[in-house]
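These notes are about the structure you will find just below.
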Amino acid sequence: MNAYSPPNDPEVVDIAIIGAGFAGLCMAIKLKQAGLQDFLVAEQAASLGGTWRDNHYPGCACDVQSHVYSFSFAPNPNWTRQFAPQAEIREYLENCARDFALAPFLHFNMGLEQAVFDEVSERWQLRFGNGRKVSARVLVSGMGGLSRPAIPQIPGLDTFTGKRFHSQQWDHRYSLQGKRVAVIGTGASAIQFVPKIAPRVAQLKLFQRTPPWIMPKPDRQLSAAERWAFKHLPFTQRLVRSALYWALESRVIAFSRRPKLMKVVQRVALRHLRKQVADPLLRQRLTPDYTIGCKRILISNDYYPALSRGNVGVISDAIQRIDSDAVITADGTRHPVDCIIFGTGFQATDPIPQGLLFGRRGQDLMDAWSRGAHAYLGTCLPGFPNLFMIVGPNTGLGHNSMILMIEAQVDYILKALERMRLDGIASLEVKPQVESQYNQRLQQRLAGAIWSTGGCRSWYLDPRSGQNTTLWPGSTWSFRKTVQHFQLQDYLTTHLLHPGTAATPAAARPLNLQEAAIDEKF
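Take the working numbering: the final residue in the sequence shown is number 1521, and no numbers are missing along the way.
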């Protein structure tokens, strides 16, 4: 950061990263390893962790095995379970920040209010909620797609006088003991918190639009002997990670290439349902009417038993309205409740609010995405120079760990930064036709995948276009190959006024890409 900037002028940095979750921290670590020091990480909260800081509801845990839900360059031998609980994942991220000495670069309580690309200076001008202003040559978004809660617009919701909150905003000070609780939604969070709260409440009514497919969760505690081996014989953890990776990766064949294979998986899920739910009427209510995989497959060993409890009811009738102390369904039934908890997920297709990011000619990013989110390689967008998105459109996964995608994108961004340095490039902007052709091919591949043919309406699909703007249609391996090389011919560029100079001294230094490279061998 430029310490000589006048007090009223914006602070000047080479690179600004927004968000201190997995994406932002990975970018920061790799910039530092590449020899770049002139960057900052702006985090709106008072601490790091991203979704693993924000989500702390009872039972919150990862639904991907711990050994693959971690950075390839920072293995954690201390996981206590096959599927890590929220607190351990947050602690892991805090340890990464400490081990890679990121403290000087992290700026908390610094929520982005507006980012505008200034075409004169060819820099991003950023304004934050704490009053600080920053001018950055490059802007990296690590805000993620699962950060804005989705609250359904139910008539009368504002008239409810009881307690209500989204699972991401869990109020631990509010006691559920003896309460009548309505849970609206059956997303991944509801699957985890319902079994934890069901024994404590007087009555729980679960309002579901459609039931999810649920598979057994192969979770267990990792033994002291295993943890010792992972710590003192690191190759054992690499072997476990590799085995888990390929087991998960193989699932993409059924998801995107051979959707009919999902029928085999569906039989396993039906067997799990029959084994855990004895009541035939409840079992019928919990049986989805779409092909497994069309929506995210959930895993749980205690969700079905929780719904079989005497104080729990499953309601499939649509919610008509809410009044001061009850939920009223379409059949006219009034369900009195003291508390409403939303397990309705996030605004995955609208991850960034209107009025936050403005590119060339003052175009709002959400206007550019008026018919659905799109980006080249899930990373770059026409009209928004020097903006790189991590976990952007169509980088989500239905079969493996998102950390693999994050690392691949970070590697691509580093190569773009190095090309800018070598060629004296002031601004870099993907060509509209390149981005358009890329997304046309992407949607063609997605059209035949289970997410489009499985007969459901999922949060993967943008309601405006009906297109899947969330998921990558192939393997993580294929994505890594796709972003392996930075192709300058795909971009429009402007160059520095004086060849051989850089926008900032930091931008002129060669990047140590060998040190920062992510070259995991599976």
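For glycine and all other residues, C-beta sits at the position ideal for the given N, C-alpha and C.
So, at 7 angstroms on beta carbons, what are the nonlocal neighbours of residue i in its own chain, with the 5 sequence-adjacent residues on each side left out?
i: Leu1427; result: Pro1384, Asn1385, Ala1415, Met1419, Tyr1490, Thr1492
i: Glu1118; result: Arg1359
i: Ala1149; result: Thr1343, Gly1344, Phe1345, Gln1346
i: Phe1478; result: Met1404, Ala1407, Trp1471
i: Leu1441; result: Asn1393, Pro1472
i: Gly1110; result: Gln1043, Phe1127, Gly1128
i: Ala1325; result: Arg1333, His1334, Pro1335, Val1336
i: Tyr1302; result: Ile1190, Val1193, Pro1194, Ile1213
i: Asp1008; result: none
What residue does the alpha helix (DSSP H) around residue i start on, and which one ends it?
i: Ile1405; result: 1401-1422
i: Leu1221; result: Note, Leu1221: premise wrong, no alpha helix (DSSP H); not H, not E.
i: Glu1090; result: 1085-1098
i: Ile1028; result: 1021-1032
i: Ile1190; result: 1187-1196
i: Leu1260; result: Neither: Leu1260 is in no alpha helix (DSSP H) and is coded neither H nor E.
i: Phe1116; result: That residue, Phe1116, is in no alpha helix (DSSP H); its beta strand (DSSP E) goes 1111-1117.
i: Leu1364; result: 1364-1367
Residue range of the beta strand (DSSP E) that residue i falls in?
i: Glu1042; result: Premise fails: Glu1042 is in no beta strand (DSSP E) and is neither H nor E.
i: Phe1127; result: 1122-1127
i: Arg1163; result: 1162-1165
i: Ile1014; result: 1010-1017
i: Arg1052; result: Here Arg1052 belongs to no beta strand (DSSP E); instead the alpha helix (DSSP H) covers 1050-1053.
i: Gln1202; result: 1202-1206
i: Arg1240; result: Element bounds for Arg1240: not the beta strand (DSSP E) but the alpha helix (DSSP H), 1233-1248.
i: Ser1140; result: 1132-1140
i: Ile1183; result: 1179-1183
Hey, residue i and residue j are a contact pair by Cβ (cut 8 angstroms); roughly how many whole angstroms apart?
i: Ile1016; j: Ala1033; result: The Cβ separation is near 14 angstroms, so there is no contact.
i: Gln1236; j: Pro1076; result: 6 angstroms
i: Leu1281; j: Leu1306; result: 7 angstroms
i: Ile1339; j: Ile1183; result: 6 angstroms
i: Gln1220; j: Thr1079; result: 6 angstroms
i: Phe1107; j: Ala1045; result: 5 angstroms
Ordered along the chain, which non-local residues of its own chain (more than five positions away) have a Cβ less than 6 angstroms from that of residue i?
i: Phe1387; result: Val1139, Thr1378, Ile1412
i: Val1409; result: Cys1025, Met1026, Lys1029
i: Lys1259; result: none
Count the other CB atoms within 10 Å of the CB of residue i; is the residue buried (16 or more) or exposed (fewer)?
i: Asp1157; result: exposed
i: Trp1051; result: buried
i: Pro1431; result: exposed
i: Tyr941; result: No information on residue 941 is available, as it lies outside the stretch 1000 to 1521 that the chain covers here.
i: Arg1136; result: buried
i: Ala1246; result: exposed
i: Asn1094; result: exposed
i: Gln1466; result: buried
i: Ala1268; result: buried
For residue i, collect the residues of the same chain with a Cβ closer than 8 angstroms to its Cβ; drop the 5 residues on either side in sequence, then sort them by chain order.
i: Cys1059; result: Pro1084, Gln1085, Ser1188, Gln1191, Phe1192
i: Ser1457; result: Cys1293, Lys1294, Arg1295, Trp1450
Kindly examine the ligand MN and report whether one of its heavy atoms sits closer than 8 angstroms to the Cβ of residue i.
i: Asp1008; result: In terms of ligand content, the structure shown is empty, and the ligand MN therefore cannot be addressed.
Does residue i come within less than 9 angstroms of chain D when only Cβ atoms are used?
i: Gln1085; result: Protein chain content of the structure displayed is limited to a single chain, and chain D is not contained in it.
Mind listing, in chain order, the continuous alpha helix (DSSP H) runs of no fewer than 4 residues lying wholly within the stretch 1266-1352? 1279-1284, 1302-1306
Report the start-end ranges of each beta strand (DSSP E) in the stretch 1369-1396 that is 3 residues or longer and not cut off at the edges. Complete beta strand (DSSP E) runs here, min 3: 1386-1388.
Contiguous alpha helix (DSSP H) assignments of at least 4 residues, all confined to the stretch 1435-1511: 1449-1452, 1475-1481, 1504-1507
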